[in-house]
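Visitor: Residue numbers (numbering that gives the first Met the number 0), protein chains in the order written: chain A, 0 to 429; chain B, 0 to 429; chain C, 0 to 429; chain D, 0 to 429.
Beta carbons are placed, not taken as given, at the ideal position from N, Cα and C, and that holds for glycine.
Number of protein chains: 4
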Amino acid sequence: MNAVAAPSPSAARATDTLAARYATVRARSVALAAPLSAEDAMVQSMPDASPTKWHLAHTTWFFERFVLGTQPEYAPFNADWHYLFNSYYQSIGPAHARPQRGLLSRPSLEDVLQFRSRVDQRVIELLQANALDPQALRQLELGLHHEQQHQELLLTDIKHALWCNPLQPAYRDDLVSRPGVAAPLEWIHSPEQIIEIGAPAWPANAAFAYDNESPVHRVLVPAHALAQRPVSNAEFRRFVEAGGYREPGFWMSEGWSLCQQEHWQHPLYWDDALAREFTLAGWRAIDPDAPVCHLSYFEADAYARWAGARLPTEFEWEAAAAGQGTAGNFADDGRLHPSAPAHERPAGRHQQLFGDVWEWTSSAYGAYPGFRTFEGNLGEYNGKFMCGQWVLRGGSCATPADHIRPSYRNFFAPSARWQFAGLRLAKDAA
Amino acid sequence: MNAVAAPSPSAARATDTLAARYATVRARSVALAAPLSAEDAMVQSMPDASPTKWHLAHTTWFFERFVLGTQPEYAPFNADWHYLFNSYYQSIGPAHARPQRGLLSRPSLEDVLQFRSRVDQRVIELLQANALDPQALRQLELGLHHEQQHQELLLTDIKHALWCNPLQPAYRDDLVSRPGVAAPLEWIHSPEQIIEIGAPAWPANAAFAYDNESPVHRVLVPAHALAQRPVSNAEFRRFVEAGGYREPGFWMSEGWSLCQQEHWQHPLYWDDALAREFTLAGWRAIDPDAPVCHLSYFEADAYARWAGARLPTEFEWEAAAAGQGTAGNFADDGRLHPSAPAHERPAGRHQQLFGDVWEWTSSAYGAYPGFRTFEGNLGEYNGKFMCGQWVLRGGSCATPADHIRPSYRNFFAPSARWQFAGLRLAKDAA
Amino acid sequence: MNAVAAPSPSAARATDTLAARYATVRARSVALAAPLSAEDAMVQSMPDASPTKWHLAHTTWFFERFVLGTQPEYAPFNADWHYLFNSYYQSIGPAHARPQRGLLSRPSLEDVLQFRSRVDQRVIELLQANALDPQALRQLELGLHHEQQHQELLLTDIKHALWCNPLQPAYRDDLVSRPGVAAPLEWIHSPEQIIEIGAPAWPANAAFAYDNESPVHRVLVPAHALAQRPVSNAEFRRFVEAGGYREPGFWMSEGWSLCQQEHWQHPLYWDDALAREFTLAGWRAIDPDAPVCHLSYFEADAYARWAGARLPTEFEWEAAAAGQGTAGNFADDGRLHPSAPAHERPAGRHQQLFGDVWEWTSSAYGAYPGFRTFEGNLGEYNGKFMCGQWVLRGGSCATPADHIRPSYRNFFAPSARWQFAGLRLAKDAA
Amino acid sequence: MNAVAAPSPSAARATDTLAARYATVRARSVALAAPLSAEDAMVQSMPDASPTKWHLAHTTWFFERFVLGTQPEYAPFNADWHYLFNSYYQSIGPAHARPQRGLLSRPSLEDVLQFRSRVDQRVIELLQANALDPQALRQLELGLHHEQQHQELLLTDIKHALWCNPLQPAYRDDLVSRPGVAAPLEWIHSPEQIIEIGAPAWPANAAFAYDNESPVHRVLVPAHALAQRPVSNAEFRRFVEAGGYREPGFWMSEGWSLCQQEHWQHPLYWDDALAREFTLAGWRAIDPDAPVCHLSYFEADAYARWAGARLPTEFEWEAAAAGQGTAGNFADDGRLHPSAPAHERPAGRHQQLFGDVWEWTSSAYGAYPGFRTFEGNLGEYNGKFMCGQWVLRGGSCATPADHIRPSYRNFFAPSARWQFAGLRLAKDAA
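This is how it looks when you write it as structure tokens:
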């Protein structure tokens with residue numbers, strides 16, 4: 000439709016690469032849904048979670064609206080679906096109420112998969128024809144990162160949904176676990192220093208980062224120490240056995256209220272015997288050496304206080320992570336559960352900063368100095384949630400490996416327990 | 000398959016008939032679910048409603064538990080399902096929380112249909128082998144009536160579920176409507192009289208009736224008059240247009256609170272233009288001559304007060320219905336929506352007492368003098384709900400035709416709007 | 000002060016009598032508030048209860064609005080108070096939200112008492128001058144009965160308020176109790192009969208009755224038996240000890256939910272040792288022979304079922320009460336707590352039908368055939384509450400003795416526990 | 000009673016001074032309650048607010064428990080009151096539920112005032128006898144600061160209580176206002192700098208500060224600009240008139256939900272005409288030049304975004320305030336309402352950093368690096384609330400003048416509107 004000049008060979012290669020990456024990311028969502036029936040894909044077990052089908056549709060809507068929608072002639076697959084699959088973009092219209100996403104028997108999973116195919120086909124055609132303008136390309140790039148976020152949520156949401164069913168079926172029966180050993184706790188000390196935090200603002204800078212990671216700015220990080228690895232299940236179990244869930248002195252006031260009201264007695268998916276836990280592979284023995292997970296901020300914070308330590312700030316975490324690679328146990332590893340460290344690291348080096356479990360920090364989620372939201376409708380992406388949430392860092396066993404960065408800031412309400420979230424201890428310099 | 004003695008010819012005929020009736024009733028539930036996808040069959044749009052799949056499973060559980068369960072060697076299809084598909088029989092164990100029935104992606108619809116097949120096969124074998132003792136046969140009889148109740152709920156629940164979906168799809172596209180004319184309102188007068196109300200207690204008496212219909216007892220019914228037909232859509236629309244939903248003087252105190260809180264402005268499935276209504280066939284023009292339906296008790300009562308009349312007592316209704324046949328527009332007619340009268344009746348005769356719409360009475364649902372609940376676990380069937388509910392009479396367009404009786408007492412909370420419930424006016428003798 | 004013609008001697012005597020009665024009733028409310036501080040008089044411990052000060056003001060507002068308000072020249076004491084002290088008369092304007100009556104530090108108790116004095120002075124002047132027209136006189140009559148109802152509520156509400164204070168102070172320290180003996184349970188049988196229920200409609204008939212007691216109508220009451228006295232504390236304690244609060248089989252479904260949710264384990268004001276109870280005189284030993292009270296309908300009904308009996312209908316109760324005087328332990332006796340019978344009655348005679356405790360009946364509160372609400376604004380007095388409530392009969396130890404009648408129908412929600420409500424057993428004829 | 004050595008003259012002078020300060024602070028609370036009746040002093044208009052009487056009693060309990068309670072022979076005034084007037088110190092026992100403080104008609108205001116007198120008398124005796132050990136003296140010091148916090152809450156709570164009464168009476172009729180002029184908005188720029196934030200930890204350091212202000216630590220504050228004065232009523236009114244309360248784009252997601260749910264249309268105490276506001280002196284015309292107040296964090300943040308600016312961090316605020324005196328319009332000024340600036344300041348100088356209105360910052364309330372809670376039971380004072388709250392700085396017209404410091408950190412939930420809270424704009428360096 001556009002009388003565009005033939006792309007140069009290198010541009011053609013770039014769009015080929017992008018098309019391939021698009022196809023890969025998009026196919027992975029479908030693959031994640033493959034073990035589920037259409038009925039499974041419809042369950043919404045709490046207002047915070049969404050059905051698998053909704054994740055599949057909403058991520059597709061994102062590309063339809065923000066990529067295909069930039070094409071003047073584009074007619075949506077089904078105009079009525081805009082309302083259904085908009086999540087929270089108020090500037091582009093009202094949206095179906097979040098707690099009622101589980102009522103959507105129509106469109107069917109099959110219809111949604113067809114919607115995906117059609118949108119994907121068209122996007123790839125446009126990519127191959129080099130027909131997308133820079134704004135559309137940026138929105139496509141953002142859409143791929145957005146889809147990866149939903150891939151993780153799809154897993155944590157379906158885990159919760161299956162656990163809510165009294166039959167408590169497994170998501171997959173073929174997941175393997177990996178043994179390992181958690182070394183004794185070791186403190187790694189850092190002196191006071193000024194460091195650069197964050198990532199240069201995209202798209203001005205070519206490497207993608209969310210708006211909430213920018214701009215790069217200088218922060219004075221005080222002298223402190225960080226544990227070399229996350230808190231393990233064995234360690235957390237000692238807290239439980241020591242009465243940690245019955246002693247208000249370890250808890251934030253709001254956390255203690257919640258703990259009592261919801262009758263928390265241990266991490267979300269543990270059994271009362273503290274022996275087994277519900278995983279995406281069903282019920283399994285708790286690995287004492289693996290990082291503890293499915294903690295709320297309140298539980299992580301209470302544990303740290305009980306242990307005579309504290310949570311790290313997000314700056315302390317990023318300082319530790321900055322120099323490292325991002326290798327770790329990610330969704331790509333196919334275990335979909337945190338593992339104990341597979342091999343020892345040299346003394347003085349951190350373990351498991353990336354993957355396994357998101358690490359709660361003591362940093363309330365807020366704007367960096369000079370923060371600007373993305374332009375246009377996508378300004379609603381991150382900024383409007385900078386209130387009442389806490390930063391988590393490092394990614395988890397359910398995060399796609401190429402989705403993480405040292406500067407990546409995840410955020411959840413302090414009451415949230417259904418994510419793969421654990422903690423690493425910190426303390427002030429003596 | 001059981002080496003039982005050959006039954007006598009007449010007993011054999013009776014059980015053949017029963018087996019045939021069993022097969023018919025059971026097949027009808029499956030047929031009602033046929034237009035729905037597995038996803039549709041899972042939706043629970045409010046705590047008062049249940050998913051289609053749950054209806055299919057729960058009615059089967061009833062036969063498994065109360066018929067097959069009387070056989071010493073019987074092993075349940077799946078022991079874990081007892082908890083899932085028990086509704087409210089506390090004496091036989093805890094049950095899955097009602098508001099969470101919509102989370103049950105497992106068992107699948109397919110598994111539930113297989114459960115039905117297996118149970119049906121075994122029940123029919125036992126019937127054909129004449130192997131069920133009298134208690135099991137009584138519980139089977141009750142199970143058939145129970146299943147018919149759920150057939151109606153299946154329809155009203157799925158109607159609500161589809162309406163809650165912003166796409167508002169039809170349950171079926173092939174439903175026909177039937178034109179007719181509502182004659183001008185006419186009053187039929189009755190003098191004071193003592194009448195016999197209710198049905199003889201089953202199973203002592205062979206004809207089935209629920210425990211709440213018994214015993215037969217004498218009631219003094221004062222002089223009064225009843226309208227010859229239910230209130231029509233056209234009549235109710237005048238109430239709406241006259242501001243009936245904005246004037247507290249017509250309403251019970253609790254009803255007025257609810258009306259304001261829920262922003263009621265017209266019957267549940269009408270549009271704001273008072274021109275169209277949502278039906279099992281999708282959106283349709285409102286037939287002015289058809290009986291109004293989907294009213295709460297509060298709306299029915301307010302209308303009656305506005306019209307200078309009142310709701311009838313259940314005794315007045317039964318007095319009018321006693322001498323009549325039970326012909327009417329039932330689920331078997333295949334319209335699944337109330338219709339205007341097809342032809343005129345002789346003056347002085349009631350119309351549409353049966354079928355079309357349940358008629359709210361002014362009678363609070365309670366025990367008749369001498370009331371005894373069914374024996375054993377099934378004592379929980381009706382008695383424990385005799386509080387805070389109102390009696391409705393006559394069946395509706397969603398009721399199986401052979402499920403109704405003049406003595407039949409349906410009951411719902413006064414706030415319930417999702418049933419096919421309307422009203423017939425009554426007034427005191429001048 | 001008005002130059003009215005001198006009334007005839009007999010009319011003068013009638014109005015003198017009325018003025019005296021007015022003064023007596025009105026003074027009694029003030030006397031009931033006398034043991035309370037201004038702070039006590041302001042407490043609202045739950046939405047269903049009102050502060051003492053509000054009772055004092057609302058009953059005065061009633062006379063101001065419906066008696067003085069009929070005088071063309073009358074200016075209200077304070078026009079802003081109309082909104083504050085209207086209870087639920089929607090036809091004469093909006094009212095302060097019920098749950099917020101406890102926030103009214105202004106007007107002060109002193110101001111309210113002054114309001115009472117002023118209104119009383121003016122009403123008595125008008126009465127003495129014979130200046131009230133028949134409608135005003137009728138509304139005055141109604142106002143006196145209304146005030147007596149609030150006198151009982153004042154007592155039950157302040158009892159609850161003081162009990163909610165962790166210090167649990169007594170309302171009065173000078174209340175005496177009276178010993179007695181509850182005779183063994185005896186059944187008094189009645190054959191089927193048609194009786195006249197209700198009272199002739201006032202004001203057409205001179206004797207006062209509420210609209211909900213009229214018209215007199217014939218009811219066929221089936222053969223049955225009633226216990227000769229209410230259920231005693233000792234009897235109810237056996238129900239508690241037998242696990243009555245832990246066994247769903249005795250309870251209405253809604254009652255069982257409430258029982259679990261609110262952790263009911265015994266009557267409202269009993270201690271967990273089942274030995275002492277909170278009374279208007281503070282904590283006291285439970286008298287085993289006195290009638291049990293502070294039961295909800297659900298508890299009364301569950302007890303009756305456990306005891307192999309049932310609650311009486313309001314017609315059975317009225318049939319028993321019709322031939323008797325209304326003597327009993329009323330508020331005038333000054334004990335303000337139920338007592339055991341002081342002396343034996345002849346065999347075959349009922350005891351304590353009047354006074355001591357209101358008796359829950361199995362009758363849902365509804366309209367009698369031919370029911371008409373009072374005319375005008377006062378039509379809201381009773382009729383709009385005929386939904387979801389149960390009838391209680393006979394008055395209690397907190398009811399003014401001259402407020403009760405055999406036809407008197409009190410009504411409360413089945414969950415209400417803070418009234419002096421107990422039960423008398425009934426059973427069907429064998 | 001203690002065989003203590005005679006104090007040195009200077010120590011005697013110190014305790015004389017402390018006794019005088021104690022007497023002054025304590026008398027001020029009583030004076031604040033003087034315009035109120037016992038009934039006014041009992042109102043609790045929302046769970047977040049407390050009755051005046053409770054403030055008077057709780058602050059006294061604090062001295063009884065933490066000062067007199069250190070004396071071995073001390074018997075509490077009334078042992079039952081410990082439960083009533085403990086606020087949230089879980090380590091020393093359970094406490095009366097906060098939302099039910101308004102039910103406490105007993106003890107009476109008079110009893111509470113007597114409680115105050117007795118405790119005060121004993122404390123002063125001990126001070127004059129130099130009989131308090133260092134721990135008791137520290138707790139007394141803390142108690143005085145604690146009492147001053149409650150003095151401010153007493154005012155904001157009673158303001159809300161009186162406003163909730165439909166009569167909306169004034170707290171005092173004799174409050175004067177002060178005219179002034181708000182100069183045009185001017186930006187004061189600061190370069191990037193490392194500054195020392197906070198106060199040295201008390202009691203190691205003699206000058207009092209709360210634990211949450213310590214330790215002093217270095218913070219890198221980026222280049223930025225601050226407005227020279229708070230946002231005025233006139234400015235905020237333009238935001239309202241421009242539709243600021245109807246446009247989600249200016250709001251945090253949670254704030255927008257709240258704004259819609261609570262139907263916010265303007266600051267809490269403004270009328271819908273945007274012309275008058277409710278003050279402690281009753282309804283008054285809004286002074287366009289005075290700082291806007293009674294904003295939630297969400298409103299302050301939305302305004303800032305609309306204005307193309309942002310809220311300052313608490314570090315930016317403290318950097319501006321550090322060099323200045325703390326003069327301002329405080330409770331001691333007797334106006335009890337924000338005023339416009341009385342006179343111009345030199346260019347480049349901030350106005351009204353102290354007094355008038357608390358200024359919302361963008362800083363979530365959390366621990367400073369190296370934070371330690373107070374020792375012992377008082378460790379619950381501040382630390383356990385470091386979750387979900389925002390820091391406000393500078394004090395208000397309801398704060399005692401000698402209660403404020405540049406390092407002082409007040410904190411409230413972002414939804415709180417009933418404090419005298421406004422904002423000052425900030426922006427990033429260009």
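1. Give the DSSP-derived three-state secondary structure of residue 278 of chain A in the structure shown.
2. Tell me the rounded alpha-carbon separation between residue 269 of chain C and residue 307 of chain C.
3. Taking a cut of 8 Å between CB atoms, which residues from the stretch 79-109 of chain C lie near chain D?
4. Beta-carbon separation of residue 233 of chain C and residue 288 of chain C under 8 Å?
5. How big is the Cα-Cα spacing for residue 252 of chain D and residue 300 of chain D?
6. Can you find a CB in chain A that lies within less than 8 Å of the CB of residue 47 of chain D?
7. Residue 174 of chain C: which of C:114, C:134, C:166, C:34 sits nearest, CA to CA?
8. Could you say which of B:115, B:292, B:170, B:46 lies nearest to residue 21 of chain B if we only look at CA atoms?
9. Can you name, in chain order, every residue of its own chain whose Cβ lies under 6 Å from the Cβ of residue 400 of chain C, other than the five neighbours on each side?
10. May I ask you to list, following chain order, the residues of the stretch 47-61 of chain C that have a beta carbon less than 8 Å from some beta carbon of chain B?
11. Would you say residue 215 of chain B lies against chain C (beta-carbon separation less than 8 Å)?
12. Once DSSP output is grouped into helix, strand and coil, what is the label at residue 13 of chain C?
13. What are the start and end residues of the beta strand (DSSP E) that includes residue 455 of chain D?
14. Pull up the distance between the alpha-carbon of residue 367 of chain C and that of residue 281 of chain D, whole angstroms please.
15. Quick one: what's residue 420 of chain C bridged to in DSSP?
16. Could you say which of C:69, C:317, C:56 lies nearest to residue 111 of chain C if we only look at CA atoms?
17. Roughly how many angstroms lie between the CA atoms of residue 54 of chain A and residue 53 of chain B, to the nearest whole one?
18. Going by CA-CA distance only, name the one from B:191, B:403, B:413, B:387 that's closest to residue 443 of chain B.
19. Are residue 187 of chain D and residue 227 of chain D closer than 8 Å when you measure CB to CB?
20. Checking the sheet assignment: what are the DSSP bridge partners for residue 231 of chain C?
21. Taking any Cβ of chain A, which residues in the stretch 105-136 of chain B have a Cβ under 8 Å from it, in chain order?
22. Check the DSSP bridge columns for residue 187 of chain D and list the partner residues they point to.
23. When burial is assigned at 16 or more other CB atoms within 10 Å of the CB, is residue 25 of chain B buried or exposed?
24. In its own chain, which residues sit with a C-beta less than 7 Å from the C-beta of residue 310 of chain C, not counting the 5 before and 5 after it?
25. Since residue 122 of chain B is in the alpha helix (DSSP H), which residue starts that stretch and which ends it?
26. Between the C-alpha atoms of residue 375 of chain B and residue 213 of chain B, what's the straight-line distance to the nearest angstrom?
Guide: Let me spell this out:
1. Locating residue 278 of chain A in the first sequence gives position 279, counting from the first residue. Three-state result, residue 278 of chain A: strand.
2. If you number the third sequence from 1, residue 269 of chain C lands on position 270. If you number the third sequence from 1, residue 307 of chain C lands on position 308. Near 24 Å, if we compare the C-alpha coordinates of residue 307 of chain C and residue 269 of chain C.
3. Of all residues in the stretch 79-109 of chain C, those with a C-beta nearer than 8 Å to a C-beta of chain D are 79, 82, 83, 95, 99, 101, 102, 103, 104, 105, 106, 107, 108, reading in chain order.
4. Indexing the third sequence from 1 puts residue 233 of chain C at position 234. Indexing the third sequence from 1 puts residue 288 of chain C at position 289. In this structure, residue 233 of chain C lies near residue 288 of chain C, with their beta-carbon atoms less than 8 Å apart.
5. Indexing the fourth sequence from 1 puts residue 252 of chain D at position 253. Indexing the fourth sequence from 1 puts residue 300 of chain D at position 301. Going by the C-alpha atoms only, they are around 12 Å apart.
6. Position 48 of the fourth sequence, counted from the first residue, corresponds to residue 47 of chain D. Output row for residue 47 of chain D: interface = no.
7. Taking the first residue of the third sequence as position 1, residue 174 of chain C is located at position 175. Measuring from the Cα of residue 174 of chain C, the nearest candidate turns out to be C:34.
8. Residue mapping note: residue 21 of chain B aligns to position 22 of the second sequence, counting from 1. Per the C-alpha coordinates, the member of B:115, B:292, B:170, B:46 positioned closest to residue 21 of chain B is B:115.
9. Along the third sequence, one-based indexing puts residue 400 of chain C at 401. The beta carbon of residue 400 of chain C is closer than 6 Å to those of 329, 331 in its chain, skipping five residues each way along the sequence.
10. Cβ contacts with chain B: none found.
11. Numbered from 1 along the second sequence, position 216 holds the residue referred to as residue 215 of chain B. Chain C, which has no Cβ nearer than 8 Å to the Cβ of residue 215 of chain B, makes this no.
12. Sequence index remark: in the third sequence, residue 13 of chain C carries index 14 (1-based). Here residue 13 of chain C sits in helix by DSSP.
13. Here chain D comprises residues numbered 0 to 429, so residue 455 of chain D is not present and cannot be evaluated.
14. Counted from its first residue, the third sequence places residue 367 of chain C at position 368. Counted from its first residue, the fourth sequence places residue 281 of chain D at position 282. In this structure, the straight-line span from the alpha carbon of residue 367 of chain C to that of residue 281 of chain D is close to 52 Å.
15. Here the question's residue 420 of chain C lines up with position 421 in the third sequence. Answer is C:357.
16. The sequence position of residue 111 of chain C within the third sequence is 112, counting from 1. Considering only alpha carbons, the answer is C:56.
17. Looking up residue 54 of chain A in the first sequence gives position 55. Looking up residue 53 of chain B in the second sequence gives position 54. Distance from the CA atom of residue 54 of chain A to the CA atom of residue 53 of chain B, rounded to whole angstroms, is 25 Å.
18. Lying before the first or after the last residue shown, residue 443 of chain B is absent from chain B, which here runs from 0 to 429.
19. Working through the fourth sequence from its first residue, we reach residue 187 of chain D at position 188. Working through the fourth sequence from its first residue, we reach residue 227 of chain D at position 228. The answer is yes: Cβ separation under 8 Å.
20. Residue 231 of chain C sits at position 232 when you count from the first residue of the third sequence. Beta-bridge pairing links residue 231 of chain C to C:290.
21. So the close ones are 105, 106, 107, 108.
22. Here residue 187 of chain D refers to the residue found at position 188 of the fourth sequence. D:225, per the DSSP bridge assignment.
23. In the second sequence, the residue the question calls residue 25 of chain B occupies position 26. Per the 10 Å Cβ criterion, buried.
24. Position 311 of the third sequence, counted from the start, is the residue given in the question as residue 310 of chain C. Close CB contacts of residue 310 of chain C within its chain, under the 7 Å cut and outside five residues either way in sequence, are with 299, 300, 303, 359, 360, 361, 422, 425 (chain order).
25. For this step, residue 122 of chain B is matched to residue 123 along the second sequence. Element bounds for residue 122 of chain B: 108-127.
26. Locating residue 375 of chain B in the second sequence gives position 376, where the first residue counts as 1. Locating residue 213 of chain B in the second sequence gives position 214, where the first residue counts as 1. Approximately 17 Å, taken between the alpha carbons.
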